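As they're listed, the protein sequences go chains E and L. Number 348 in the numbering used here belongs to position 363 of the first sequence; there are no gaps in the numbering. Number 206 in the numbering used here belongs to position 221 of the second sequence; there are no gaps in the numbering. From the three backbone atoms N, C-alpha and C, an ideal C-beta is built for every residue, glycine too. No experiment lies behind these values; they were computed from the predicted model shown. Everything below concerns the one structure shown next.
Number of protein chains: 2
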Amino acid sequence: MSTAVVGKGLEGIVAANSGICFIDGEAGVLSYRGIDIHELAENSTFEETTYLLWNGRLPNRQALAEFGRQLAQARELDARIVDRLRNIPETAAPMEVLRTSVSALSYYDADEKDNSHQANVRKAYRLTAQIAMLVAIYDRIRKGREIVPPDKSLTHAGNFLWMLKGEKPSETATRTLDTALILHADHELNASTFAARVIAATLSDIHSAIVGAIGALKGPLHGGANEGVMRLLLAIDKAGADPVEYVKQMLEAKQKISGFGHRVYKTEDPRATHLRRMSEKLCKDAGQPKWFEMSRAIELYINREKKLNANVDFYSASTYTTLGIDIDLFTPVFAASRIAGWAAHVIEQLDDNRLIRPRAEYIGPAYPTPWVPLDKRA
Amino acid sequence: MSTAVVGKGLEGIVAANSGICFIDGEAGVLSYRGIDIHELAENSTFEETTYLLWNGRLPNRQALAEFGRQLAQARELDARIVDRLRNIPETAAPMEVLRTSVSALSYYDADEKDNSHQANVRKAYRLTAQIAMLVAIYDRIRKGREIVPPDKSLTHAGNFLWMLKGEKPSETATRTLDTALILHADHELNASTFAARVIAATLSDIHSAIVGAIGALKGPLHGGANEGVMRLLLAIDKAGADPVEYVKQMLEAKQKISGFGHRVYKTEDPRATHLRRMSEKLCKDAGQPKWFEMSRAIELYINREKKLNANVDFYSASTYTTLGIDIDLFTPVFAASRIAGWAAHVIEQLDDNRLIRPRAEYIGPAYPTPWVPLDKRA
């Protein structure tokens, strides 16, 4: 068996050629199709960024308008999908519901059996539009509120807030969420995107790949981390504790603090820069500076004590809370953004496919261990 | 960025240490926990094999009886899960339905939020028992037949055939399926198992991991290949063609023949040996030798012309057809077996976890490519 032995977790191993996302972890650089994330966060929209991820270049005015129109047109859910969101036990987490509902979307997708590039682009529009809708609709249903029909005149971010809240969002709220969606849209071969590519590489379908990605994003070492940050802030607030003292005690008890450190970045996560700024402004404007102030105090302490930097999850917690998004929707909102990157990666994988099938280093009982008849076993 | 550049598809790259499955592709060896697959195929049962995969050793009489009892006890589905199998568009493939239903199982699993080793073992019993049930129940529903309640006195294989057909299966049928389930139960880091480990490694839950694995298995480069084999046999039969001539023309037209070759084996796939033998006996006993005879003629031709060996999928097609299993249930039946290995791998991953997060080799537009205002774009 001619295998290269490498560390667990495939750390530093190249598993694909990809033209989508360039990261320089030493320099703190993140870029989509070569364009720096800072430029996109400041100037772009989620629609434009998604076009960029899927097409490899920025759209001109006409292409951008057409893209936005297509994405808005895809805000249609089969009534039977909405029915499937009812009568779900209230113990079910929104990520379980999203995973199940996205899987069921394929029942009603006319392109399900077509794995061509063009069919996958059509399915990517629908998945992008509909994941956000499923999150909002399920939240309305579980709260016993009426479902808000989509507004096709709004942007992706604006429509999500509209369907979630049932009132037209402020420009600041829409722009903040839009920027957060840009920042979360792709991140090279993170675990959920890699899971999606492994699944797609069997020539399975895009729904299967995205369902697997949602399952991976659910984990607290991945998308689930932003929930962990907010639960910490709430626990500190409830205890009336000093945030630094609280976190210090957690570290002494060997507990992990969510939202710090990153497998790839050795500097500050460039996404955290924008989320910090937005969190500060939003919390102050909303007259709730405490979430930002607590976060900032914890960040400075962890920087100093553990030499760890805040990552994308850390300030998204206070940002989303101030936008009025429930904690257990943080990871679903992450999915409503990352679908842009997942779709780009699945389509790229299928355009030049090879089955992804590594090997294991065997550490079990020696071969051959004999099969022993039942009555001769200890 | 300090990354090792390797080939696409992670070929020959070790992605995990594992004590579950040892394969020597050069020598044609497959073993579970060190025990050769030939010994297991000849002497073991699916229950015993699953115990072996999960516990690392063969059970004694008492442990085996207890294991079988636990697995049979888990043959209980919440009525709301069965309701979710109704009113599905008939265009939906059973693998889509299985992916969606297994995802929904987590709504009703009391251990959903418990990711401990013991809770995952409990969930593994339920998933193993219930995946087979979901496949059988959905097939009854789509055919407008009454659902057959599980029989807890039967083995896993026997109960599946009972719930599928509504009549007690023959000993030969049960033993044939049981052996097929043993042969399909694990195969190291195949794409679906690897997808399951990538998902579990974010500390997500076992349902998410298995749902991702089902999505990967659905692909024609993985579990879906056995369907491809049977569709070929049916096409040849319908055309009244000579199988060798038919396949020869396919090769001339650069078409791929499903069921041949394997990323890992350079010799005959050791599982094919047993499936060939079972296919021959079963087809002859059923008075339908043609499926075996066509398969054998194609195998000998492809051996000679392409130097490719039959793999696990090739003779499972004629075997399952002779057992009266519909073509689009072949991959779901594969899932009803491979769940044993998936569960073993997820639990092993979580017992000594590290996030699986490789890197990509960037081949896109150079960084930094500037963001250009909308009206300045071509």
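Would you report the Cα separation of residue i and residue j, rounded to the nearest angstrom?
| i | j | result |
| --- | --- | --- |
| L/Val120 | E/Gly129 | 34 Å |
| L/Ala351 | E/Arg182 | 23 Å |
| L/Val(-1) | E/Ala57 | 44 Å |
| E/Ser16 | L/Thr164 | 51 Å |
| L/Leu(-5) | L/Ala345 | 12 Å |
| L/Arg75 | L/Lys150 | Just to set this straight, residue 75 of chain L is Glu in the shown sequence, not Arg. So the alpha carbons of these two residues sit roughly 20 Å apart. |
| L/Ser(-13) | L/Met279 | Unreliable placement is indicated for L/Ser(-13), whose pLDDT of 43 sits below 50; the coordinate value is still reported in the next sentence. Taking the straight line from one Cα to the other gives about 52 Å. |
| E/Glu253 | E/Asn288 | 10 Å |
| E/Ala363 | L/Gly349 | 59 Å |
| E/Ala271 | E/Arg262 | 14 Å |
| L/Pro343 | L/Asp227 | 48 Å |
| L/Val316 | L/Leu359 | It should be pointed out that residue 316 of chain L corresponds to Thr in this sequence rather than to Val. Each residue's Cα considered, the two are about 49 Å apart. |
| E/Ile116 | E/Val87 | 7 Å |
| E/Val82 | L/Ala89 | 8 Å |
| E/Ile310 | E/Ala114 | 18 Å |
| E/Ile5 | L/Leu314 | 37 Å |
| L/Lys239 | E/Ser193 | 28 Å |
| E/Phe446 | E/Thr258 | As displayed, chain E neither begins before -14 nor continues past 363, which places residue 446 of chain E out of reach and without an answer. |
| E/Lys366 | E/Asp190 | This structure does not reach residue 366 of chain E, given that chain E is present from -14 up to 363, and the question cannot be answered. |
| E/Asn100 | E/Lys233 | 52 Å |
| L/Gly41 | L/Glu173 | 14 Å |
| E/Leu308 | L/Arg107 | 39 Å |
| E/Leu260 | L/Ile73 | 42 Å |
| L/Asp124 | E/Tyr93 | 19 Å |
| E/Trp356 | L/Asp21 | 8 Å |
| E/Glu11 | E/Leu285 | 21 Å |
| E/Met80 | L/Ser91 | 11 Å |
Would you kindly report the start and end of the unbroken beta strand (DSSP E) that includes residue i?
| i | result |
| --- | --- |
| L/Arg344 | Arg344 to Tyr347 |
| E/Tyr17 | Val14 to Tyr17 |
| E/Ile132 | Premise fails: E/Ile132 is in no beta strand (DSSP E) and is neither H nor E. |
| E/Phe7 | Cys6 to Asp9 |
Terminal residues of the continuous alpha helix (DSSP H) containing residue i?
| i | result |
| --- | --- |
| L/Ser322 | Phe315 to Asp336 |
| L/Ala365 | Lying before the first or after the last residue shown, residue 365 of chain L is absent from chain L, which here runs from -14 to 363. |
| E/Phe52 | Arg46 to Gln58 |
| L/His192 | Ile191 to Leu202 |
| L/Asn175 | Element bounds for L/Asn175: n/a, residue is neither H nor E. |
| L/His383 | What is shown of chain L runs -14 to 363, which leaves residue 383 of chain L out entirely. |
| L/Gly(-6) | Here L/Gly(-6) belongs to no alpha helix (DSSP H), and DSSP marks it neither H nor E. |
| L/Lys291 | Pro274 to Lys291 |
| E/Asn40 | Phe31 to Asn40 |
| L/Arg77 | Strictly speaking, residue 77 of chain L in this sequence is Ala, with Arg absent from that position. Segment: none, L/Ala77 is in no alpha helix (DSSP H) and carries neither H nor E. |
| L/Arg365 | Missing from the structure shown is residue 365 of chain L; chain L here goes from -14 to 363 and no further. |
| E/Lys269 | Pro255 to Asp270 |
| L/Val430 | Residue 430 of chain L falls outside the range modelled here, since chain L spans only -14 to 363, and no answer is possible. |
| E/Pro154 | It is not in any alpha helix (DSSP H) - E/Pro154 carries neither H nor E in the DSSP assignment. |
Please report the Cβ distance between residue i and residue j, rounded to the nearest whole angstrom; I am assuming they are in contact, meaning their Cβ atoms lie under 8 Å.
| i | j | result |
| --- | --- | --- |
| E/Thr354 | L/Gly19 | 3 Å |
| E/Asn105 | E/Leu340 | Rounded, the Cβ-Cβ distance is 18 Å, inconsistent with contact. |
| L/Thr34 | L/Ala325 | 7 Å |
| L/Pro135 | L/Arg69 | Incorrect: roughly 18 Å between the Cβ atoms, too far for contact. |
| L/His207 | L/Ser243 | The pair is not a contact, with the Cβ atoms about 11 Å apart (cut-off 8 Å). |
| E/Arg256 | E/Val297 | 4 Å |
| L/Tyr250 | L/Asn294 | 7 Å |
| E/Leu112 | E/Ile167 | The pair is not a contact, with the Cβ atoms about 18 Å apart (cut-off 8 Å). |
| L/Gly209 | E/Ala180 | Their Cβ separation, rounded to whole angstroms, is 18 Å, which puts L/Gly209 and E/Ala180 out of contact at 8 Å. |
Could you check whether the Cβ of residue i sits closer than 8 Å to any heavy atom belonging to the ligand COA?
| i | result |
| --- | --- |
| E/Val67 | No copy of the ligand COA occurs in the structure displayed, which carries no ligand at all. |
**Message:** For the pair the region 263 to 270 of chain E and the region 300 to 309 of chain E, tell me if three or more CB-CB distances fall below 8 Å.
**Reply:** Contact holds: three or more Cβ-Cβ distances are below 8 Å.
**Message:** For the pair the region 191 to 209 of chain E and the region 308 to 320 of chain E, tell me if three or more CB-CB distances fall below 8 Å.
**Reply:** Verdict: yes, contact present.
**Request:** Please list the residues of the region 324 to 344 of chain E that have a C-beta atom closer than 7 Å to any C-beta atom in chain L, keeping them in chain order.
**Result:** Within the region 324 to 344 of chain E, the qualifying residues are Arg339, Leu340, Ile341, Arg342, Pro343 and Arg344.
**Request:** Tell me, please, whether the region 40 to 47 of chain L touches the region 152 to 163 of chain L by the rule of three or more beta-carbon pairs shorter than 8 Å.
**Result:** Not touching, per the Cβ criterion.
**Prompt:** Taking contact to mean at least 3 C-beta pairs separated by less than 8 Å, is the region 204 to 213 of chain E in contact with the region 205 to 217 of chain L?
**Reply:** The region 204 to 213 of chain E is not in contact with the region 205 to 217 of chain L.
**Item:** chain E contacts from the region 107 to 137 of chain L (Cβ-Cβ distance under 9 Å)
**Value:** Listed by position, the residues of the region 107 to 137 of chain L near chain E (Cβ gap below 9 Å) amount to none.
**Request:** Below 8 Å between beta carbons is the criterion; list the residues of the region 210 to 241 of chain L that meet it against any residue of chain E, in chain order.
**Result:** Hits within the stretch: zero.
**Message:** Beta carbons nearer than 8 Å to chain E: which residues of the region 144 to 177 of chain L have them?
**Reply:** Hits within the stretch, in order: Glu173, Leu174, Asn175, Ala176 and Ser177.
**Asked** Using a beta-carbon distance cut-off of less than 7 Å, what residues from the region 244 to 271 of chain L approach chain E?
**Response** For the region 244 to 271 of chain L, the set of positions with a beta-carbon nearer than 7 Å to some beta-carbon of chain E reads Arg248 in chain order.
**Asked** In chain order, what residues of the region 47 to 67 of chain L put their CB closer than 8 Å to some CB of chain E?
**Response** Those would be Leu49 and Arg65, in chain order.
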